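Read through the structure below, which is laid out as structure tokens, and then see the notes.
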Amino acid sequence: MLEQQVAENAGEAATTHAPQGFDQPLDGFDTLFPVAPPPRGEQGVLFTDPVSVVEENLGYRGAVACKAAGITYRQLDYWARTDLVVPTVRGASGSGTQRLYSFRDVLVLKIVKRLLDTGVSLQQIRTSIEHLRTRGIDDLANITLMSDGTTVYECTSPSEVIDLVQAGQGVFGIAIGRVWREIEMNLNGQPGEEMHENFEGDELAARRARRAQA
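Each step along the sequence shown adds one to the number in full-length UniProt numbering, with nothing skipped, and position 151 is 151.
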């Protein structure tokens with residue numbers, strides 16, 4: 001099994017038992033039990049959930065992102081200021097500028113909340129999110145994050161999930177494809193703003209630069 005451990009220290013040893021307080025699944029999680037491996041060529045339900053194509057230039061304001069991800073505005077603002085989850089469509093750059101979060105940003109916000117709800121440390125979450133940033137948007141839907149409450153693992157096949165569960169290291173799982181569909185439903189009908197390459201703030205900055213050079 002090609003196990004990809006997402007941990008703050010590469011040599012950190014994962015616990016091999018469920019920590020106290022993790023005997024019940026939390027909302028939105030799937031408790032995964034050891035099962036027989038799927039037949040060859042079949043990937044199992046965690047890795048076949050279809051997801052739609054998203055418009056990466058479409059941004060959502062902070063209030064919409066908070067509602068879709070189920071977080072408070074204080075959390076949103078703190079995570080942005082500490083570079084845990086920053087708006088990638090448009091950042092706050094001066095008075096009157098609204099931050100715009102992409103679909104992927106909102107998805108990551110929801111993942112962060114789920115991991116926090118299990119008791120995973122913010123340092124471990126930060127490392128996990130940094131790892132997910134290296135993945136393409138299409139790759140995320142095929143990933144399941146497993147956690148024992150201490151360490152976070154990335155799984156891209158049912159066999160990896162099964163191995164972790166049988167080793168006692170996979171107590172809770174987040175199938176990102178399922179979170180994706182949840183965010184889709186939450187954002188459905190919500191106002192979004194398409195970010196063009198030259199928006200008003202950029203044009204204003206360009207005019208100021210031209211005047212400074214004159």
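Yeah, the Cβ is synthetic: ideal placement off N, Cα and C, and Gly gets one too. Quick caveat, the model's predicted, so the values are computed rather than measured.
Local Cβ density within 10 Å of residue i, reported as buried at 16 or more and exposed below that
i: Glu-194; result: exposed
i: Gln-123; result: exposed
i: Pro-34; result: The pLDDT assigned to Pro-34 is 32, lower than 50, so where the model puts this residue is not dependable, and the model offers no usable value.
i: Asp-105; result: buried
i: Pro-158; result: buried
i: Arg-74; result: exposed
i: Gly-91; result: exposed
i: Thr-127; result: buried
i: Arg-133; result: exposed
i: Thr-72; result: exposed
i: Gly-173; result: buried
Nearest to residue i (by Cα), restricted to the options the options
i: Glu-70; options: Gln-98, Arg-81, Leu-115 and Gly-91; result: Here the sequence assigns Gly to residue 70, which means Glu is not the residue at that position. With distances taken between Cα atoms, Gly-70 lies closest to Leu-115.
i: Ala-141; options: Arg-90, Glu-182 and Val-89; result: Glu-182
i: Ala-80; options: Val-171, Ile-174, Leu-109 and Asp-139; result: Leu-109
i: Thr-97; options: Asp-117, Tyr-78, Tyr-60 and Thr-72; result: Tyr-60
i: Val-165; options: Asp-148, Trp-180, Ile-176 and Arg-99; result: Asp-148
i: Ala-68; options: Gly-91, Ser-102, Val-89 and Ala-92; result: Ser-102
i: Asp-163; options: Arg-135, Met-146, Tyr-73 and Ala-175; result: Met-146
i: Ile-137; options: Thr-72, Thr-82 and Gly-177; result: Gly-177
i: Gly-192; options: Leu-100, Cys-66 and Ile-174; result: Leu-100
i: Gly-62; options: Ala-175, Val-54, Val-86 and Thr-82; result: Val-86
i: Glu-130; options: Thr-150, Asp-117, Val-54 and Thr-82; result: Thr-82
i: Ala-175; options: Asn-57, Asp-139 and Glu-56; result: Asp-139
CB-CB length for residue i against residue j, believed under 8 Å
i: Leu-84; j: Val-120; result: That belief does not hold up - the Cβ atoms of Leu-84 and Val-120 are roughly 13 Å apart, past 8 Å.
i: Gln-190; j: Val-89; result: That belief does not hold up - the Cβ atoms of Gln-190 and Val-89 are roughly 14 Å apart, past 8 Å.
Pair within 8 Å by beta-carbon distance, residue i and residue j
i: Thr-144; j: Val-171; result: no
i: Leu-76; j: Val-179; result: no
Legend entry - Segment contact, 8 Å Cβ cut-off, at least three pairs: the region 180-191 with the region 152-163: Counting C-beta pairs closer than 8 Å gives fewer than three between the region 180-191 and the region 152-163, which falls short of the contact rule.
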